[in-house]
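Numbering (the working numbering), first residue to last: 5 to 283. Built from N, CA and C at the ideal position, the CB exists for glycine as well. First the structure, in the form of structure tokens, and then the observations on it.
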């Protein structure tokens, strides 16, 4: 399956001011969010990801820009559903809380689970097909998110982590151990997104493939960002992404997309590579 690409960086390229939560546009600029989803759909995406990454109550205030958090999250799912129709899946995105869980920080696992359950329930009621827990670095937080989503919904749950070039998260957890734990907890698929770019995702998925029978997800950044004349530039071209997609297919990835810095052109290249592999 071909997933979609960046949301935050793509909306910034379409005028979202730096530092503005992308979810705000679910209500204030819904046509821009629809256009993003439509561009990925036309590029060949079979899974559209909602603009709800930061929509948990521990990361987003109850009211943002005068809009209730729950409504921003709900509209994020509804906009993706409008574009997807019945032709492709909608994956409801849940990202990290931005806080460290006990014993490394002051956030309890129970409180984190409650926050994720609340967000997942809103998104399921709004029409999501899948809960996508993404860009995790802490296995404890991923566990809380997975348990919360399972408690609040009956949807399949995908879980992805951000890895370095050695296949470890920021908290030092290796990809192999993570994949085994997510499978034991009942995740429907596991994988890598964001992180240190395509090569890091390849390393992580190679390790996961040896440790789990779950379907693997690969959604790397478009390389490593750099500043040029005050603008952020990503160094992986669509053609390079097509080659990365072929490598991910070779190691058994079953859901392939992209993350920060990517565009519909990157997804179109991935779709071409996937279609060629099926032929």
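Put residue 3 into one of helix, strand or coil per three-state DSSP.
Residue 3 falls outside the range modelled here, since the chain spans only 5 to 283, and no answer is possible.
Quick one: residues in its chain with C-beta nearer than 7 Å to the C-beta of residue 213, no 5 flanking neighbours on either side, listed in chain order?
Stepping through the chain shown from its first residue, residue 213 is reached at position 209. The residues are 220, 255, 256.
Complete runs of the alpha helix (DSSP H) confined to the stretch 242 to 277 [at least 4 residues]:
242 to 254
Proximal residues to residue 64 (C-beta, below 8 Å), its chain only, five neighbours per side dropped
Along the chain shown, read from residue 1 onward, the residue named residue 64 stands at position 60. Closer than 8 Å at Cβ, skipping near neighbours: 25, 27, 58, 73, 76.
Which whole-angstrom value describes the C-beta separation of residue 163 and residue 203, a residue pair presumed to lie in contact below a C-beta threshold of 8 Å?
If you number the chain shown from 1, residue 163 lands on position 159. If you number the chain shown from 1, residue 203 lands on position 199. With a Cβ gap of about 21 Å, residue 163 and residue 203 do not count as contacting.
Using a 10 Å radius around the Cβ and a threshold of 16 neighbouring Cβ atoms, would you call residue 121 buried or exposed?
Your numbering for residue 121 matches position 117 in the chain shown. Buried is the call here.
Would you please state the rounded distance, in angstroms, between the beta carbons of residue 82 and residue 131? I believe it to be under 8 Å.
On the chain shown, position 78 is the one that residue 82 refers to. On the chain shown, position 127 is the one that residue 131 refers to. Contact holds; Cβ gap of about 7 Å.
Compute every distance between the C-beta of residue 152 and the non-hydrogen atoms of the ligand GTP, then say whether any falls below 6 Å.
You won't find the ligand GTP in this model; it holds no ligand whatsoever.
Please classify residue 64: does DSSP put it in a helix, a strand, or coil?
Stepping through the chain shown from its first residue, residue 64 is reached at position 60. If DSSP states are grouped into helix, strand and coil, residue 64 belongs with coil.
DSSP state of residue 183, grouped into three classes?
Residue 183 sits at position 179 when you count from the first residue of the chain shown. DSSP places residue 183 in helix when its eight states are reduced to three.
Sort 139, 70, 272, 87 by Cα distance to residue 199 and report the nearest one.
Counted from its first residue, the chain shown places residue 199 at position 195. Comparing Cα positions, the closest option is 139.
Span separating the alpha-carbon of residue 49 from that of residue 10
Here residue 49 refers to the residue found at position 45 when the chain shown is read from its first residue. Here residue 10 refers to the residue found at position 6 when the chain shown is read from its first residue. Near 12 Å, if we compare the C-alpha coordinates of residue 10 and residue 49.
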